[in-house]
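Numbering (my numbering), first residue to last: 26 to 93.
In structure tokens form, the structure reads like this:
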């Protein structure tokens with residue numbers, strides 16, 4: 026598909042972005058790559074909602090409790 030670049034930039038047809046709310050545009054050499062924007066990394070949410078429990082060593086032995 027060819028699309029004309031105007032003074033305002035580039036218009037990407039909505040049907041090419043089905044279900045996408047936000048994109049990231051990356052320049053790689055002579056190419057522009059348009060990627061759906063990644064959601065926030067879930068690892069950064071760890072510890073944001075701590076659970077109160079009787080276990081006192083969960084931070085040390087968390088794997089043991091996850092896989093029991």
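We treat Cβ as the ideally placed atom computed from N, Cα and C, and that holds for glycine. Bear in mind the structure is a predicted one, so any value in this text is a computation, not a measurement.
For residue 89 and residue 79, the gap between their C-alpha atoms comes out near 15 Å. If the five residues before and after residue 50 are omitted, its C-beta is found closer than 7 Å to the C-beta atoms of 57, 59, all from its own chain and listed in chain order. For residue 85, the three-state secondary structure derived from DSSP is coil. Residue state for residue 91 is assigned as helix, using DSSP reduced to three classes. In the structure shown, residue 57 adopts extended strand secondary structure according to DSSP, grouped into three states. Put simply, the backbone Cα of residue 41 is about 37 Å away from that of residue 74.
Taking the C-beta atoms as reference points, residue 36 is found nearer than 8 Å to residue 28.
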